[in-house]
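Numbering (my numbering), first residue to last: 1201 to 1450.
Yeah, the Cβ is synthetic: ideal placement off N, Cα and C, and Gly gets one too.
Since this is a predicted model, take the numbers as computed values, not measurements.
Structure first, commentary second.
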Amino acid sequence: MFSSRENYSAKIGREVIKNVFYFGEYLSLDCNQYVIVDDVTRELALFDGGNGISLKGLIEGMKKFDLNFENITKIFLTHEHVDHVLGLYPLMEMLKNNPPKIYAFTETAKILNEGKESKIFPGNLGISPKMFGISIVPLHVIDLNDKGNFELGSEFIFKIYFTPGHSLGSICFYEPNKKILIPGDLVFTGGSFGRFDFPGGSLKQLTESIKFISTLDVKYLLPGHMDISSQGNLEVQNSFRMVQSIGRFL
Ligand SMILES: [Zn+2]
């Protein structure tokens, strides 16, 4: 399922705007990751954990932009799915002397705090932690539930929106000044949107969540999979149209 080549290739990075970096997903059950630099402290915030197999590649990819993974002090998770969280386990092990804080929304935080393999790997997915060389342990994850905003340096003030439909713990991170949206697997570029057939998924909720984010002014759409876009409003509108048309056929 996973080629050994993937273990050693760097994640391809791109600077989206100053201090915002995109690292593209590997082919096999991985996710896009984003690094934001705090312009005051030079500390790094990482968005989503990847699948663990891709961690070496992320670290290599970051080096090309002079980003040292040891400066990661905050990790934000868009949702609880394996391709977004497994990388936390090896990363926290590597950073155990100076562990970053991990933030997620209620359901995601709960699952990771519990550290139960069966919750992180629902039986119907046909995959196990062994396939990723990872053992699941309880992690200390801070619940973003009651924290509406957070700042990263002097440049970014992110808002958090609960946007269920793809999973129970799905959130979007939105930065209104730079018009950045990190929607996890809610919407993708090219009119695409997240699956709603996993446990906790719902097409109705997904449609409502996409409708909500279509009211935001978005330039940079930085989704959990596929490519990124600097035509965020257009992309979100396309996804909204597509998800509505699917709903009409079901
Ligand atoms: Zn997902």
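CB-CB under 6 Å to residue i, same chain, minus the five flanking residues each way: which ones, in chain order?
| i | result |
| --- | --- |
| LEU1246 | VAL1235, ILE1272 and ILE1275 |
| GLY1188 | Residue 1188 falls outside the range modelled here, since the chain spans only 1201 to 1450, and no answer is possible. |
| PHE1358 | PHE1350, PHE1373 and GLU1375 |
| ASP1385 | HIS1366, GLY1394 and GLY1424 |
| ARG1215 | In the sequence as presented, Arg is not what sits at residue 1215; that position holds Glu. So the qualifying residues of the chain are PHE1221. |
Please report the residue range of the alpha helix (DSSP H) in which residue i lies.
| i | result |
| --- | --- |
| VAL1418 | It is not in any alpha helix (DSSP H) - VAL1418 carries neither H nor E in the DSSP assignment. |
| THR1306 | 1306 to 1314 |
| GLU1317 | 1317 to 1320 |
| TYR1361 | Premise fails: TYR1361 lies in the beta strand (DSSP E), 1356 to 1362, not in any alpha helix (DSSP H). |
| TYR1289 | 1288 to 1294 |
Identify the continuous beta strand (DSSP E) that holds residue i and give its terminal residues.
| i | result |
| --- | --- |
| ASN1349 | 1349 to 1352 |
| VAL1285 | Careful: VAL1285 lies outside any beta strand (DSSP E), inside the alpha helix (DSSP H) at 1282 to 1285. |
| TYR1497 | Residue 1497 lies beyond the residue range present for the chain, which begins at 1201 and ends at 1450; the question has no answer from this structure. |
Using a Cβ-Cβ cutoff of less than 7 Å, which residues in the same chain neighbour residue i once the five nearest sequence positions on both sides are dropped?
| i | result |
| --- | --- |
| LYS1419 | LYS1379, SER1430 and GLY1432 |
| PHE1362 | PHE1305 and ILE1371 |
Assuming residue i contacts residue j (C-beta within less than 8 Å), just tell me the rounded distance between them.
| i | j | result |
| --- | --- | --- |
| PHE1396 | HIS1366 | 6 Å |
| LEU1295 | GLY1249 | The Cβ separation is near 12 Å, so there is no contact. |
| VAL1443 | SER1414 | About 10 Å separates the two Cβ atoms, so there is no contact after all. |
| ASN1251 | LEU1229 | 6 Å |
| ILE1410 | PHE1393 | 6 Å |
| PHE1269 | ILE1259 | 5 Å |
| VAL1282 | ILE1327 | 7 Å |
| ASN1313 | VAL1341 | 5 Å |
Residues in its own chain within less than 8 Å of residue i by CB, not counting five upstream and five downstream?
| i | result |
| --- | --- |
| ILE1311 | GLU1280, LYS1319, ILE1320 and GLY1369 |
Measuring from each Cβ to the nearest heavy atom of ligand 1, keep the ones under 5 Å and list them in chain order. HIS1281 and ASP1385
Mind listing, in chain order, the continuous beta strand (DSSP E) runs of no fewer than 3 residues lying wholly within the region 1230 to 1277? 1233 to 1237, 1244 to 1247 and 1272 to 1276
Only counting runs of 3 or more residues, tell me where the beta strand (DSSP E) segments fall wholly within the region 1365 to 1449, in order along the chain. 1371 to 1375 and 1380 to 1382
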